[in-house]
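Participant: Here the sequence shown is numbered in our numbering, starting from 113 and rising by one per residue.
Every residue gets a Cβ at the ideal spot worked out from N, C-alpha and C, and that includes glycine.
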Amino acid sequence: MKRKKPEWQLEIAKERIEKLFSLAGSTYDSTPNRSRRYVELARKIGLRYNVRLDKEQKRNFCKKCNTILMPGKTSQTHLDSRTKAIIIKCQNCNYISRYPYK
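1. Using the rule of at least 16 other Cβ atoms within 10 Å of the residue's Cβ for burial, across every protein chain shown, is Gly184 buried or exposed?
2. Taking just the CA atoms, how far does Met113 sit from Asp141?
3. So, using beta-carbon positions, are Ile180 and Arg148 closer together than 9 Å?
4. In angstroms with no decimal places, state the Cα-to-Cα distance between Ser138 and Leu132.
5. Measure the alpha-carbon distance for Glu130 versus Ser193 and round it to whole angstroms.
6. Within 10 Å of its beta-carbon, does Thr186 have 16 or more other beta-carbons around it, so buried, or fewer, so exposed?
7. Which residues does DSSP list as the beta-bridge partners of Leu191?
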């Protein structure tokens, strides 16, 4: 049976993920590749330490190319009233994400 990671390691991982997402958002204008790398590292830390990302963090980046999604700069956002979904399209790789709303 695999041993569970200590709580202090999980707290450090959560803090690191938050820090990497904030750095990714602030550095996208000057260095987009570094921003993508920060998102990639945050995802890897989450997988390694089995830390779930918040709903806000999950919707903040493209699952395909790891680009931070900023409406107007790197993504287009539409509301589809017929399917009651928020449609977010990445302008870097044209990946489309759909999130339901009520």
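Facilitator: In short:
1. exposed
2. 46 Å
3. Arg148 is positioned such that its CB atom lies closer than 9 Å to that of Ile180.
4. 10 Å
5. 33 Å
6. With 16 or more other CB atoms across the displayed protein chains lying within 10 angstroms of its CB, Thr186 is buried.
7. Ile198
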